[in-house]
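Trainee:
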Amino acid sequence: MSNWKNPNNWTSKNCLNWSKEYFKEKLIGLNVEHEGIKVKISDLTRCTGDADLNQRKGKFIPIIDLVIELSWCGTTSDDTEVTGKINVPELQGTEGGYEFKVTVDDETSDKELIKDVILTHLTPLIAE
6 MSNWKNPNNW TSKNCLNWSK EYFKEKLIGL NVEHEGIKVK ISDLTRCTGD
56 ADLNQRKGKF IPIIDLVIEL SWCGTTSDDT EVTGKINVPE LQGTEGGYEF
106 KVTVDDETSD KELIKDVILT HLTPLIAE
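Using our numbering, read the sequence shown as starting at 6 and increasing by one per residue.
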């Protein structure tokens with residue numbers, strides 16, 4: 006058991022469960038609409054890796070190295086329903102520079118526009 010009130014020792018707290026709840030609260034329901042295309046984050050399907058908060062001599066040291074996967078659903082401008090995933094393979098403690106991999110279930114050329122809307126308009130909101 007760590008003692009967070011003793012600043013002279015190294016203490017560590019696993020924050021993975023907190024991170025999962027945080028991402029669920031902040032990301033599920035996030036949506037965009039652009040030129041008749043609507044997309045919404047529907048679920049956090051994966052959140053694995055390390056999310057630790059360490060303390061040494063009164064200084065807090067966050068260690069974040071996560072992989073997250075989000076499910077999304079949406080409609081094209083002709084009201085075709087589309088689903089897929091957004092993968093963030095390396096979510097680290099440094100700000101920005103996140104890589105987003107967007108996949109579309111049952112991918113066809115007419116659904117390619119929804120992928121562009123996600124990359125252009127939704128992923129910047131996720132990165133915030």
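C-beta: ideal position from N, C-alpha, C; glycine also.
(1) If you pair each beta-carbon of the region 43-60 with each one of the region 72-87, do three or more pairs fall below 8 Å?
(2) Can you tell me where the alpha helix (DSSP H) holding W23 begins and where it ends?
(3) Can you give me the C-alpha to C-alpha distance between I66 and Q60, rounded to a whole angstrom?
(4) From the DSSP output, which residues share a beta bridge with H39?
(5) Going straight from the alpha carbon of V109 to that of W15, what length do you get?
(6) Determine, using beta carbons only, whether L96 and I46 come nearer to each other than 9 Å.
(7) Restricting to runs no shorter than 3 residues, where is the beta strand (DSSP E) found entirely within the region 82-122?
(8) Applying the criterion that 16 or more other CB atoms from any shown protein chain within 10 Å of the CB defines a buried residue, is G34 buried or exposed?
Mentor: Here's the rundown:
(1) Two segments are said to touch when three or more pairs of C-beta atoms, one from each, lie closer than 8 Å; by this definition the region 43-60 touches the region 72-87.
(2) By one-based count along the sequence shown, residue 23 stands at place 18. For W23, the enclosing alpha helix (DSSP H) stretches over residues L21 to L32.
(3) As a position in the sequence shown, residue 66 is number 61, starting the count at 1. As a position in the sequence shown, residue 60 is number 55, starting the count at 1. Going by the C-alpha atoms only, they are around 6 Å apart.
(4) For the purposes of this step, residue 39 is taken as the residue at position 34 of the sequence shown. The partner list for H39 (beta bridge, DSSP) reads I42.
(5) Against the sequence shown, residue 109 aligns to sequence position 104. Against the sequence shown, residue 15 aligns to sequence position 10. Approximately 45 Å, taken between the alpha carbons.
(6) Indexing the sequence shown from 1 puts residue 96 at position 91. Indexing the sequence shown from 1 puts residue 46 at position 41. The beta carbons of L96 and I46 sit no closer together than 9 Å.
(7) List check, beta strand (DSSP E) in window: 86-97 and 106-109.
(8) Your numbering for residue 34 matches position 29 in the sequence shown. Per the 10 Å Cβ criterion, exposed.
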